[in-house]
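Participant: Quick one: structure below, then a few questions.
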Amino acid sequence: MFTATLLTNPVSRGLDPALVENLRNAWGGGDALWLAPDEAAEFDLPVQPDNAWDVWEDLQQQGVDLVIQTTANRRKKMLLADMDSTMIQQECIDELADEAGVGAHVADITARAMNGELDFEAALIERVGLLRDLPESVIGQVLASRITYMPGGMALVKTMKAQGAYAALVSGGFTAFTAQVAEALGFDENRANTLLVADGKLTGDVARPILGKAAKVTALEEITARLGITEADVLAVGDGANDLGMLGRAGAGVALHAKPSVQAQCDIRINHGDLTALLYIQGYARAEFAQ
(Lines of atoms letter the chains of each structure in order from A and count residues from 1; the text may use other names and numbers.)
(Lines give C-alpha, C1' and ligand atoms only; values in the text may rest on other atoms or scores of the structure.)
Protein backbone atom coordinates (compact mmCIF):
# COMPACT_ATOMS: atom_id res chain seq x y z
CA MET A 1 0.00 0.00 0.00
CA PHE A 2 1.14 3.54 -0.81
CA THR A 3 0.03 6.95 0.38
CA ALA A 4 -0.04 10.07 -1.78
CA THR A 5 0.24 13.41 0.00
CA LEU A 6 -0.53 16.71 -1.70
CA LEU A 7 0.38 19.97 -0.01
CA THR A 8 0.99 23.59 -0.77
CA ASN A 9 2.31 26.79 0.79
CA PRO A 10 0.64 27.20 4.21
CA VAL A 11 0.31 30.95 3.71
CA SER A 12 -1.45 30.89 0.33
CA ARG A 13 -3.25 27.59 1.10
CA GLY A 14 -4.20 27.03 -2.51
CA LEU A 15 -4.85 23.29 -2.61
CA ASP A 16 -8.02 22.81 -4.66
CA PRO A 17 -10.30 20.01 -3.38
CA ALA A 18 -11.31 19.28 -6.99
CA LEU A 19 -7.67 18.67 -7.91
CA VAL A 20 -7.30 16.18 -5.05
CA GLU A 21 -10.50 14.34 -6.00
CA ASN A 22 -9.63 14.22 -9.69
CA LEU A 23 -6.19 12.75 -8.99
CA ARG A 24 -7.61 10.29 -6.48
CA ASN A 25 -10.17 9.10 -9.03
CA ALA A 26 -7.60 8.88 -11.84
CA TRP A 27 -5.34 6.70 -9.73
CA GLY A 28 -8.07 4.61 -8.11
CA GLY A 29 -7.16 5.83 -4.65
CA GLY A 30 -9.02 5.58 -1.38
CA ASP A 31 -11.02 8.36 0.23
CA ALA A 32 -9.18 11.64 0.60
CA LEU A 33 -8.27 12.69 4.14
CA TRP A 34 -7.71 16.41 4.66
CA LEU A 35 -4.82 17.06 7.04
CA ALA A 36 -5.34 20.84 6.86
CA PRO A 37 -8.11 22.66 4.97
CA ASP A 38 -6.99 23.91 1.54
CA GLU A 39 -3.39 23.05 2.46
CA ALA A 40 -2.70 19.33 2.76
CA ALA A 41 -4.53 16.10 1.91
CA GLU A 42 -3.68 12.44 1.46
CA PHE A 43 -5.18 9.26 0.06
CA ASP A 44 -4.06 5.64 -0.12
CA LEU A 45 -3.09 3.88 -3.34
CA PRO A 46 -2.91 0.14 -4.10
CA VAL A 47 0.12 0.57 -6.39
CA GLN A 48 2.73 3.18 -7.29
CA PRO A 49 1.36 5.11 -10.32
CA ASP A 50 3.48 4.82 -13.48
CA ASN A 51 2.98 8.50 -14.32
CA ALA A 52 3.74 9.82 -10.82
CA TRP A 53 6.65 12.04 -11.89
CA ASP A 54 4.76 13.45 -14.85
CA VAL A 55 1.95 14.41 -12.49
CA TRP A 56 4.51 15.80 -10.04
CA GLU A 57 5.85 18.09 -12.77
CA ASP A 58 2.35 19.32 -13.62
CA LEU A 59 1.50 19.96 -9.98
CA GLN A 60 4.70 21.92 -9.45
CA GLN A 61 3.44 24.44 -11.99
CA GLN A 62 0.33 24.83 -9.83
CA GLY A 63 2.28 25.38 -6.61
CA VAL A 64 1.54 21.91 -5.24
CA ASP A 65 3.99 19.34 -3.87
CA LEU A 66 3.25 15.64 -4.35
CA VAL A 67 4.88 12.91 -2.27
CA ILE A 68 4.18 9.19 -2.68
CA GLN A 69 5.53 6.77 -0.07
CA THR A 70 4.88 3.28 1.18
CA THR A 71 2.20 3.58 3.84
CA ALA A 72 3.93 1.42 6.43
CA ASN A 73 6.28 3.12 8.90
CA ARG A 74 5.59 6.67 7.70
CA ARG A 75 5.81 8.13 11.20
CA LYS A 76 9.48 8.28 12.03
CA LYS A 77 11.30 7.90 15.34
CA MET A 78 14.14 10.30 14.55
CA LEU A 79 14.61 13.63 12.80
CA LEU A 80 18.06 14.28 11.30
CA ALA A 81 18.25 17.83 9.97
CA ASP A 82 20.69 20.06 8.17
CA MET A 83 20.80 23.64 9.50
CA ASP A 84 21.74 26.20 6.83
CA SER A 85 18.89 26.92 4.38
CA THR A 86 16.95 24.12 6.09
CA MET A 87 16.24 24.89 9.74
CA ILE A 88 17.37 28.49 9.27
CA GLN A 89 16.80 30.65 6.20
CA GLN A 90 20.43 31.69 5.75
CA GLU A 91 23.88 30.18 5.16
CA CYS A 92 25.75 31.22 8.31
CA ILE A 93 29.12 31.38 6.59
CA ASP A 94 27.71 33.76 3.98
CA GLU A 95 26.44 36.06 6.71
CA LEU A 96 29.83 36.09 8.44
CA ALA A 97 31.52 36.74 5.10
CA ASP A 98 29.22 39.69 4.48
CA GLU A 99 30.40 41.19 7.76
CA ALA A 100 33.99 40.59 6.64
CA GLY A 101 33.39 42.38 3.33
CA VAL A 102 33.70 39.27 1.16
CA GLY A 103 30.04 38.30 1.07
CA ALA A 104 29.46 38.04 -2.67
CA HIS A 105 32.59 35.98 -3.28
CA VAL A 106 31.84 33.53 -0.47
CA ALA A 107 28.16 33.26 -1.39
CA ASP A 108 29.15 32.20 -4.91
CA ILE A 109 31.44 29.47 -3.53
CA THR A 110 28.69 28.33 -1.14
CA ALA A 111 26.13 28.04 -3.93
CA ARG A 112 28.49 26.01 -6.10
CA ALA A 113 29.46 23.73 -3.21
CA MET A 114 25.82 23.10 -2.25
CA ASN A 115 25.01 22.28 -5.86
CA GLY A 116 27.79 19.68 -5.88
CA GLU A 117 30.08 21.59 -8.25
CA LEU A 118 32.90 21.88 -5.69
CA ASP A 119 34.40 19.57 -3.08
CA PHE A 120 32.69 20.49 0.18
CA GLU A 121 35.73 20.33 2.46
CA ALA A 122 37.98 22.28 0.10
CA ALA A 123 35.28 24.90 -0.39
CA LEU A 124 34.77 25.22 3.37
CA ILE A 125 38.49 25.68 4.02
CA GLU A 126 38.69 28.33 1.31
CA ARG A 127 35.70 30.24 2.62
CA VAL A 128 36.75 30.10 6.26
CA GLY A 129 40.18 31.35 5.25
CA LEU A 130 38.53 34.55 4.01
CA LEU A 131 37.16 35.15 7.53
CA ARG A 132 40.61 35.43 9.08
CA ASP A 133 40.92 38.20 11.71
CA LEU A 134 37.16 38.73 11.90
CA PRO A 135 36.34 39.51 15.56
CA GLU A 136 34.74 36.55 17.34
CA SER A 137 32.08 38.94 18.62
CA VAL A 138 30.68 39.20 15.09
CA ILE A 139 29.24 35.69 15.49
CA GLY A 140 26.93 36.92 18.22
CA GLN A 141 25.95 39.94 16.14
CA VAL A 142 25.09 37.74 13.16
CA LEU A 143 23.05 35.39 15.32
CA ALA A 144 21.12 38.28 16.80
CA SER A 145 20.50 40.33 13.67
CA ARG A 146 20.75 38.13 10.59
CA ILE A 147 19.58 34.60 11.41
CA THR A 148 15.91 33.74 10.99
CA TYR A 149 14.24 30.37 11.40
CA MET A 150 12.61 28.44 8.58
CA PRO A 151 8.82 28.51 8.95
CA GLY A 152 7.42 25.36 10.48
CA GLY A 153 10.64 24.26 12.15
CA MET A 154 9.43 24.65 15.71
CA ALA A 155 6.25 22.72 14.98
CA LEU A 156 8.22 19.96 13.25
CA VAL A 157 10.63 19.38 16.11
CA LYS A 158 8.06 19.76 18.90
CA THR A 159 5.50 17.49 17.26
CA MET A 160 7.93 14.69 16.52
CA LYS A 161 9.44 14.90 20.00
CA ALA A 162 5.96 14.87 21.55
CA GLN A 163 5.47 11.51 19.82
CA GLY A 164 8.73 10.18 21.25
CA ALA A 165 11.09 10.93 18.37
CA TYR A 166 14.71 12.04 18.77
CA ALA A 167 15.93 15.20 17.00
CA ALA A 168 19.51 15.76 15.84
CA LEU A 169 20.86 18.84 14.05
CA VAL A 170 23.86 17.93 11.88
CA SER A 171 25.48 20.76 9.96
CA GLY A 172 28.48 21.48 7.78
CA GLY A 173 28.29 24.93 9.37
CA PHE A 174 29.56 25.91 12.78
CA THR A 175 28.90 24.92 16.38
CA ALA A 176 28.62 28.58 17.37
CA PHE A 177 25.40 28.61 15.34
CA THR A 178 24.08 25.07 15.78
CA ALA A 179 24.24 25.32 19.58
CA GLN A 180 21.84 28.27 19.61
CA VAL A 181 19.58 26.96 16.84
CA ALA A 182 19.35 23.52 18.47
CA GLU A 183 18.45 25.04 21.84
CA ALA A 184 15.87 27.40 20.36
CA LEU A 185 14.10 24.69 18.36
CA GLY A 186 14.40 21.88 20.90
CA PHE A 187 16.86 19.52 19.21
CA ASP A 188 18.32 16.81 21.45
CA GLU A 189 21.84 17.20 20.06
CA ASN A 190 23.82 19.07 17.45
CA ARG A 191 26.99 18.42 15.49
CA ALA A 192 28.93 20.88 13.32
CA ASN A 193 32.38 22.30 12.60
CA THR A 194 34.25 24.43 15.12
CA LEU A 195 35.66 27.79 14.06
CA LEU A 196 39.13 28.28 15.55
CA VAL A 197 39.69 31.46 17.53
CA ALA A 198 42.84 33.13 18.89
CA ASP A 199 43.08 36.44 20.74
CA GLY A 200 39.40 37.14 20.15
CA LYS A 201 39.62 36.77 16.38
CA LEU A 202 38.90 34.00 13.89
CA THR A 203 42.09 32.31 12.73
CA GLY A 204 40.73 31.50 9.29
CA ASP A 205 40.56 27.77 9.95
CA VAL A 206 38.31 25.09 11.45
CA ALA A 207 39.05 22.19 13.75
CA ARG A 208 39.67 18.81 12.16
CA PRO A 209 38.15 16.47 11.19
CA ILE A 210 35.77 18.53 9.07
CA LEU A 211 32.13 17.58 9.31
CA GLY A 212 30.92 17.12 5.75
CA LYS A 213 28.89 14.63 3.73
CA ALA A 214 30.48 11.51 5.23
CA ALA A 215 30.18 12.82 8.78
CA LYS A 216 26.42 13.30 8.34
CA VAL A 217 26.12 9.64 7.36
CA THR A 218 28.25 8.73 10.37
CA ALA A 219 25.88 10.70 12.59
CA LEU A 220 22.97 8.75 11.14
CA GLU A 221 24.71 5.45 11.84
CA GLU A 222 25.91 6.35 15.33
CA ILE A 223 22.68 7.88 16.60
CA THR A 224 20.40 5.14 15.27
CA ALA A 225 22.67 2.50 16.81
CA ARG A 226 22.63 4.34 20.13
CA LEU A 227 18.84 4.64 20.09
CA GLY A 228 18.31 1.05 18.99
CA ILE A 229 16.35 2.02 15.88
CA THR A 230 16.96 1.43 12.19
CA GLU A 231 17.78 3.87 9.39
CA ALA A 232 14.27 3.19 8.07
CA ASP A 233 12.98 4.93 11.21
CA VAL A 234 14.71 8.21 10.29
CA LEU A 235 13.37 11.31 8.56
CA ALA A 236 16.30 13.31 7.18
CA VAL A 237 16.03 16.76 5.61
CA GLY A 238 18.53 18.98 3.79
CA ASP A 239 19.07 21.09 0.70
CA GLY A 240 22.69 20.67 -0.41
CA ALA A 241 24.92 18.13 -2.08
CA ASN A 242 26.63 17.39 1.24
CA ASP A 243 23.25 16.15 2.54
CA LEU A 244 22.78 13.51 -0.16
CA GLY A 245 24.47 10.74 1.81
CA MET A 246 22.12 10.97 4.78
CA LEU A 247 19.09 11.67 2.57
CA GLY A 248 19.76 8.50 0.62
CA ARG A 249 20.23 6.35 3.70
CA ALA A 250 17.27 7.58 5.77
CA GLY A 251 13.89 5.92 5.56
CA ALA A 252 12.53 9.24 4.30
CA GLY A 253 15.05 11.67 2.79
CA VAL A 254 13.52 15.07 2.08
CA ALA A 255 15.06 17.60 -0.32
CA LEU A 256 13.68 20.89 1.04
CA HIS A 257 13.76 23.82 -1.40
CA ALA A 258 16.89 22.07 -2.60
CA LYS A 259 19.41 22.69 -5.34
CA PRO A 260 18.39 21.09 -8.69
CA SER A 261 21.16 18.50 -8.57
CA VAL A 262 20.03 17.45 -5.10
CA GLN A 263 16.36 17.22 -6.03
CA ALA A 264 17.24 15.00 -8.97
CA GLN A 265 18.57 12.36 -6.56
CA CYS A 266 15.70 12.43 -4.04
CA ASP A 267 12.24 10.90 -4.22
CA ILE A 268 10.75 13.33 -1.69
CA ARG A 269 10.97 16.94 -2.84
CA ILE A 270 9.32 19.85 -1.04
CA ASN A 271 9.42 23.08 -3.02
CA HIS A 272 6.22 24.89 -1.99
CA GLY A 273 5.51 23.77 1.57
CA ASP A 274 7.52 24.77 4.64
CA LEU A 275 8.90 22.45 7.32
CA THR A 276 5.38 21.46 8.40
CA ALA A 277 5.30 19.52 5.12
CA LEU A 278 7.51 16.97 6.88
CA LEU A 279 4.69 16.39 9.36
CA TYR A 280 2.03 16.09 6.67
CA ILE A 281 4.00 13.45 4.78
CA GLN A 282 4.09 11.43 8.01
CA GLY A 283 0.31 11.62 8.22
CA TYR A 284 0.03 14.26 10.95
CA ALA A 285 -2.98 16.57 10.71
CA ARG A 286 -2.51 20.22 11.62
CA ALA A 287 -4.72 19.65 14.67
CA GLU A 288 -2.05 17.23 15.96
CA PHE A 289 0.82 19.72 15.77
CA ALA A 290 2.43 20.41 19.16
CA GLN A 291 2.35 24.03 20.21
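Position 285 (the sequence shown) corresponds to 284 in numbering that gives the first Met the number 0; numbering is contiguous.
C-beta atoms are modelled at their ideal positions from N, C-alpha and C, and glycine is treated no differently.
#1: Taking 8 Å as the limit between beta carbons, can you name the residues of its chain near Asn315, skipping five residues before and five after?
#2: So if DSSP puts Glu188 in a beta bridge, which residue, or which two residues, is it bridged to?
#3: For the alpha helix (DSSP H) that Thr193 lies in, which residues bound it at each end?
#4: To which residues of the same chain is Ala178 closer than 7 Å at the C-beta, ignoring the five residues directly before and after it?
#5: Go through its chain and collect everything with a Cβ distance to Val101's Cβ below 7 Å, but skip five positions before and after it.
#6: If you drop the 5 nearest sequence neighbours on each side, which residues of the same chain put their C-beta closer than 7 Å to that of Pro134?
#7: Whole angstroms is fine: what's the gap from Ile67's alpha carbon to Asp204's?
#8: So if DSSP puts Ile67 in a beta bridge, which residue, or which two residues, is it bridged to?
#9: Quick one: give me the first and last residue of the beta strand (DSSP E) that Leu34 is part of.
#10: Using the Cβ count rule (16 or more neighbours within 10 Å means buried), how would you classify Trp52?
#11: What residues match up with Tyr148 in a beta bridge as DSSP calls it?
#12: Who does Arg268 pair with in a DSSP beta bridge?
#13: What does DSSP give as the partner residue(s) for Phe42 in the beta ladder?
#14: If the criterion is Cβ atoms closer than 9 Å, does the pair Asp273 and Pro9 meet it?
#15: Span of the alpha helix (DSSP H) holding Leu219?
#16: Rounded to a whole number of angstroms, what is the C-alpha to C-alpha distance between Ala121 and Leu5?
#17: Got a sec, what are the start and stop residues for the alpha helix (DSSP H) Leu117 sits in?
#18: How close, in whole Å, do the beta carbons of Arg285 and Leu78 come, if the pair is a contact with beta carbons under 8 Å?
#19: Thinking just about the alpha-carbon of each residue, which of Thr223, Ala3 and Ile87 is nearest to the one in Ala181?
#20: Report the option in Ala214, Leu234 and Asp132 whose CA atom is closest to the CA atom of Val169.
#21: Check for me: the beta strand (DSSP E) holding Val236 runs from which residue to which?
Facilitator: A quick look at the data gives this:
#1: This structure gives no information on residue 315, because the portion of the chain shown stretches from 0 to 290.
#2: Per DSSP, the beta bridge partners of Glu188 are Ala167.
#3: Going by DSSP, Thr193 is part of no alpha helix (DSSP H) at all; its letter is neither H nor E.
#4: Asn189
#5: Leu129
#6: Excluding residues up to 5 positions away in sequence, Gly199 and Lys200 lie with their Cβ nearer than 7 Å to the Cβ of Pro134 in the same chain.
#7: 43 Å
#8: Ala3
#9: Start and end: Leu32 to Ala35.
#10: exposed
#11: Ile87
#12: Ala254
#13: Ala3
#14: Asp273 is a Cβ neighbour of Pro9, given a cutoff of 9 Å.
#15: Lys212 to Leu226
#16: 39 Å
#17: Premise fails: Leu117 is in no alpha helix (DSSP H) and is neither H nor E.
#18: At roughly 18 Å, the Cβ-Cβ gap does not stay under 8 Å, so Arg285 and Leu78 are not in contact.
#19: Ile87
#20: Nearest option by C-alpha distance: Ala214.
#21: Val233 to Gly237
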